[in-house]
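Here's the structure we're looking at; comments come further down.
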Amino acid sequence: MDQTNKKEEAQQNGWTWKFMSVMFCAYLVIPGISYTISSLNAPAEYIKSFINATKYERDHSYPSKDEIDSLFGLLVALAGLGAMAGSLVASLLSDNLGRKIAILIASLTGLTGVLLLSLGRTASSFEMLFVGRVLTGVTLGIGLSAAPAYAVEMSLPSMKGNVALINQLFQSFSFIIAQVVGYMELLGNEEQWHLLLGLPVIFFGLQLLILPFCPESPRYLLMKKNDVAKATKALQTIRNRKNVEKDIDMLHAELRESSTEAEVSFVQLFKNKVLRRPLVIAIVLGLHQNWCSIAAILFFSTELFQKAGLDDRSSRYATSGTGITFFTVNVVAMFLLSRFGRKTLFQFGTIGMGMCSAVIALTMVFQDDAPALKYVNIVVSLLIIAFYSIGPICVFWVILSELFPHSARGSGFSVAILCAMISFFSHCYIFPLLLSKLHSYTFFVFTGINAVTALFVHFYVPETKNKSFAEIAKSWANAEDLENQLPLSQKCHTGSSNAHANTVVETKQQ
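Shown next, in the form of structure tokens:
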């Protein structure tokens, strides 16, 4: 009897074992991506030595330290370049070939990239590392778009928040795996660092083997392919029940609603007066994502801790603390988001990161006078991770969905993600050069960037919590512009009550 009740409960709330299995298969690309992106941190010195030795074998002269630092920075940054390309084709692949096929393409690209990263040392070719890094970046751009969309589209409205949270947890937990495996006692040593880079073969290979047996997204099958029969069959599989008429009716209702509102194109986004402020906010917050100091901590922490006075082994252990903090605070941040305003949390996180960046700079300046400051450096680095999880990264995705109307959300997100990838590429390439030139004063740059961003948010970004788009837009657009340029379906919400606005936002958060 208990088994029957549990089965019926799972069918009602959507968390059937079949759904969870499909979600797990789809999300296998996420740890592969996150691990690969962060895996260069621990073996950084060995990779630099490999590049140095390879260039000497070819040119019979050693390159300068600045050249090696520049090449390593480029290696880290190339993932951002690949991600830009991947994000540009992600929607094209997902809409024309399906979510599942897009994920498989991402996984195959990732597998190829990881093999190149792992085999570059054997082939005495650091260029293979560069190509592999670009390919894993392409996987990042496609996978982070297609996999969450695939999982969310299979879930009930009440499940969407938790499904999105699981995606974030997969990402942050993968950072921990990469950092722990990067210990010198495991694979983070001179003899085995290439195996460390090749470990995601497990995730990508497993996904390529089992995802083809999973159903396609019912939403894609019905709304893009107009195939009710296949959509019904897919829903019956993941819901683990025969009667899915209510689910099909929900998809039909969504299709009717979306057909009454034309999508805002990328070009129209720049021309529309009402959408101009959300566009500027998306650009600034996207660029801030990596230039807030987080990329320096996540991708260069081992080198930073060494410069702060820790030995190589201790730096690896300290680095794993960043991943654990990232994972833990991400869970806490999801609860804070429902209690506090978006603007408040973003400002709190940004100001906190700016202050911590200044403290890191000061600890590095005075480390020779007070050796104990290296431990302060570690604690403050973990605080930067915490502030980032509470503010910039947590709020970024939510506030974008609330600043843009449904018709412009796709284009708005594309601009924001593109800017985030540009900031990733530019930061990872420039940061090693900044560190070699500015030394201990490098983090003062991040203090300035966070201060400017906090002021921008204070004066330019509206509070969006518990408000419809029409209510938010009133804070910067006049009635005439709203009447002429606001999409028809959004005008209907202009006079909505606060209770209705709350319902809209709660639905989005789910």
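To convert, count from 1 in the sequence shown and add 1; that's the numbering used here. Ideal placement from N, C-alpha and C gives every residue a C-beta, glycine not left out. Model, not experiment: these values are computed from the prediction.
Determine whether the beta carbon atoms of residue i and residue j lie at a separation below 8 Å.
i    : j    : result
G515 : V115 : Outside the modelled stretch of the chain, which goes from 2 to 511, sits residue 515, for which no answer is possible.
D67  : S408 : no
S218 : Y151 : yes
A148 : A254 : no
G287 : C420 : yes
S316 : F306 : yes
F176 : L338 : no
G81  : M422 : yes
G15  : G83  : no
V462 : I282 : yes
I386 : T345 : no
I394 : V381 : no
P433 : G183 : no
I104 : L252 : no
F172 : S35  : Correcting the residue identity first, residue 172 is Gln in this sequence and not Phe. For Q172 and S35, yes; Cβs fall inside 8 Å.
C293 : Y389 : yes
Q348 : A452 : no
F174 : F127 : no
Q368 : A309 : yes
I379 : A334 : no
L401 : A417 : yes
I249 : V229 : yes
P32  : I167 : no
Starting from residue i, follow the alpha helix (DSSP H) in both directions and report where the run begins and ends.
i    : result
E403 : P393 to L404
F131 : F127 to E154
H195 : W194 to G199
H289 : R277 to W292
I17  : Note on identity: in this sequence residue 17 is Thr, with Ile being the wrong assignment. Taken as a continuous stretch (DSSP letters only), T17 belongs to no alpha helix (DSSP H), as it is neither H nor E.
F447 : T443 to Y461
K308 : I295 to K308
V30  : V30 to S39
Q368 : It is not in any alpha helix (DSSP H) - Q368 carries neither H nor E in the DSSP assignment.
Reducing DSSP to helix, strand and coil, say where residue i ends up.
i    : result
C420 : helix
L489 : For L489, the predicted model reports a pLDDT of 46, less than 50, meaning its position is unreliable; a value from the coordinates is still stated below. L489 falls in the helix class under three-state DSSP.
K274 : coil
R122 : coil
K468 : coil
P64  : coil
T227 : It should be pointed out that residue 227 corresponds to Asn in this sequence rather than to Thr. Coil, per DSSP.
R340 : coil
M185 : coil
A78  : helix
G83  : helix
C215 : coil
I think residue i touches residue j, with their Cβ atoms under 8 Å apart; what is that distance to the nearest whole Å?
i    : j    : result
G121 : G133 : 7 Å
F425 : N291 : 5 Å
E155 : F20  : Strictly speaking, residue 155 in this sequence is Met, with Glu absent from that position. Contact holds; Cβ gap of about 6 Å.
V30  : Q180 : At roughly 20 Å, the Cβ-Cβ gap does not stay under 8 Å, so V30 and Q180 are not in contact.
T465 : R277 : Wrong, their Cβ atoms sit about 16 Å apart, outside the cutoff.
L205 : G87  : In the sequence as presented, Leu is not what sits at residue 205; that position holds Phe. Rounded, the Cβ-Cβ distance is 15 Å, inconsistent with contact.
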